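Chemist: Please read through the structure below; I'll follow up with questions.
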Ligand SMILES: [Zn+2]
Ligand SMILES: [Zn+2]
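In my numbering, the protein residues as written are 7 to 283.
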């Protein structure tokens with residue numbers, strides 16, 4: 007169905023390195039990256055431009071606009087969000103979404119990946135603080151760093167990967183600031199860990215596009231939502247954690263229900279509105 011197609015990829019951050027190969031292997035498809043597409047119009051990680059809508063809406067909008075701006079039938083976009091993992095406490099998580107827009111058949115498929123495999127972190131330092139351990143923890147060098155002023159919240163520098171450069175920027179920053187923030191640069195080309203997750207997600211998307219509906223044989227059958235609520239393992243109260251994932255057809259009403267990927271059958275007390283209100 008998708009053999010030899012050309013797909014526009016909305017990225018300025020070299021995501022073709024993670025997405026091209028799975029699409030080439032499966033469909034002999036060509037990923038085209040325009041060199042002037044402004045993905046920052048949808049907001050940036052670093053907060054210079056606030057994101058106007060949810061990651062889910064943004065990832066669809068990004069692909070749709072690339073398809074229409076460059077005249078393609080097919081488009082791909084990706085969005086990552088970083089923060090506390092949604093179900094594992096005190097662990098940073100990366101939620102990645104990838105969208106595939108098919109204007110010929112008029113549908114959009116979204117795949118997602120939630121992972122703890124991320125170096126997402128920050129450290130606030132004063133002139134007296136050592137930070138070598140932080141650099142080690144975030145794999146500085148192979149992974150880039152951003153420097154931010156805590157007085158103004160403005161970015162001082164981004165994409166730093168050289169130690170000498172870092173030291174000299176830190177030193178000069180302390181001439182007019184008391185505290186600065188070192189934060190991981192989460193842009194894909196600055197973050198090989200994230201690039202790996204995007205590659206994993208691209209493979210998932212390819213498999214999704216290959217999978218046909220049992221009933222009507224339309225392509226793109228897969229997970230679309232979740233349903234049901236897990237009960238608290240200690241008192242039996244309903245929690246906000248879902249019970250089943252729902253796989254649906256994008257054309258007809260055929261659905262399949264599966265247990266959670268993490269095999270959880272009961273929720274931990276910490277998610278219980280009664281045990282942990
Ligand atoms: Zn169907
Ligand atoms: Zn409970």
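Ideal Cβ placement from N, Cα and C applies to all residues, glycine included.
Values in this document were obtained by computation on a predicted structure and should not be read as measured data.
Residue range of the beta strand (DSSP E) that residue 80 falls in?
Modeler: 80-90 is the extent of the beta strand (DSSP E) around residue 80.
Chemist: Quick one: Cα of residue 66 to Cα of residue 243, how far?
Modeler: Those two C-alpha atoms are separated by around 36 Å.
Chemist: Could you spell out the range, first to last residue, of the alpha helix (DSSP H) harbouring residue 204?
Modeler: Per DSSP, residue 204 belongs to the alpha helix (DSSP H) from 198-216.
Chemist: Given 7 Å as the limit, tell me if residue 275 has its C-beta closer than that to any heavy atom belonging to ligand 2.
Modeler: Yes, ligand 2 has a heavy atom inside 7 Å of this Cβ.
Chemist: So, under 8 Å CB-CB, residue 107 and residue 81 are touching, yes? Tell me the CB distance rounded to an integer number of Å.
Modeler: Contact flag correct, Cβ pair sits at about 4 Å.
Chemist: For residue 131 versus residue 117, is the C-beta spacing smaller than 8 Å?
Modeler: Their beta carbons are not under 8 Å apart, which means residue 131 does not touch residue 117 by this criterion.
Chemist: What do you reckon, is the C-beta of residue 224 under 7 Å from a heavy atom of ligand 1?
Modeler: Under cutoff, so the answer is yes.
Chemist: Go through its chain and collect everything with a Cβ distance to residue 272's Cβ below 8 Å, but skip five positions before and after it.
Modeler: Same-chain partners within the cutoff: 236, 237, 238, 239.
Chemist: Give the DSSP-derived three-state secondary structure of residue 19 in the structure shown.
Modeler: It is coil, neither helix nor strand.
Chemist: Nearest to residue 2 by CA position, among 157, 129, 136, is which residue?
Modeler: Only positions 7 to 283 of the chain appear in the structure, and residue 2 is not among them; the question remains open.
Chemist: From residue 276 to residue 247, what does the alpha carbon distance come to, in whole angstroms?
Modeler: Their Cα atoms are separated by approximately 11 Å.
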